[in-house]
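K.L.:
This is how it looks when you write it as structure tokens:
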């Protein structure tokens, strides 16, 4: 039930954001849809809260039924009550009837507090994770846009190198500088491949 409560709280936070966006856009139809969605979330939260309280009280009742019976059976078995009377322990009957109930109350309060704290932490983590995902997507998207610009620039340099080589084939042949031209063109091509590899990595992270 706590996980369902966490999910509903997360939905309510997302609804709050979408409702503000809808209100600012003056979209009447979307505004009505947001109100209906809000009513659905509130009804679900109420139902889950009531049912959760019922289950908690039922569990508390079973604890209160089981613990006194368990302690009472141990108190009455093997003349334990007689030995305790010799030790002059203070009011074992009161401990069985009242202290056990206090113990159940304290355990219940502590457990519910821990569950509520965990649920709140989990809902905050979910919301922050979604926001961080959007931030990471924007950062990677900007880097990807820059890499694509660099890719076009390097491919243009490579094409220019090929055109320049074609226009100067006679001088290249005369000076026998084929190896230098090959090194230059290979360097330009490797720059293209290096940048393209970065684009692939960014797309992999983005997906």
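Numbering (this note's numbering), first residue to last: 2 to 208. Backbone N, C-alpha and C define an ideal beta-carbon position, used for all residues, glycine too. Fair warning: this is a prediction, and the values are worked out from it, not measured in the lab.
Just to confirm the assignment, what range does the alpha helix (DSSP H) spanning residue 178 have?
P.N.:
Note, residue 178: premise wrong, no alpha helix (DSSP H); not H, not E.
K.L.:
Quick one, which of 204, 165 and 114 has its alpha-carbon nearest residue 185's?
P.N.:
Selected option, being the one with the closest Cα: 165.
K.L.:
When we look at the beta-carbon of residue 148 and count the other beta-carbons within 10 Å, is it buried (16 or more) or exposed?
P.N.:
By the neighbour-count rule (16 or more Cβ atoms within 10 Å), residue 148 is buried.
K.L.:
Say whether chain C places a C-beta atom closer than 8 Å to the C-beta of residue 22.
P.N.:
In the structure shown, chain C cannot be found, because there is only a single protein chain.
K.L.:
From residue 143 to residue 207, what does the alpha carbon distance come to, in whole angstroms?
P.N.:
Their Cα atoms are separated by approximately 11 Å.
K.L.:
Just confirm the distance between the C-beta atoms of residue 155 and residue 189, as a whole number of angstroms; I'd bet it's less than 8 Å.
P.N.:
Correct: roughly 7 Å between the Cβ atoms.
K.L.:
Measure from the alpha carbon of residue 199 to the alpha carbon of each residue in 145, 170, 14 and 160, then state which is nearest.
P.N.:
If we check each option's Cα against that of residue 199, 145 comes out closest.
K.L.:
Please name the residue in 27, 35, 26 and 8 whose C-alpha comes closest to that of residue 17.
P.N.:
If we check each option's Cα against that of residue 17, 35 comes out closest.
K.L.:
Reducing DSSP to helix, strand and coil, say where residue 147 ends up.
P.N.:
Helix, per DSSP.
K.L.:
Measure the alpha-carbon distance for residue 45 versus residue 31 and round it to whole angstroms.
P.N.:
Near 21 Å, if we compare the C-alpha coordinates of residue 31 and residue 45.
K.L.:
Kindly provide the ranges of any alpha helix (DSSP H) runs that are 4 or more residues long and lie completely inside the region 45-76, ordered along the chain.
P.N.:
Within the region 45-76, no complete alpha helix (DSSP H) run reaches 4 residues.
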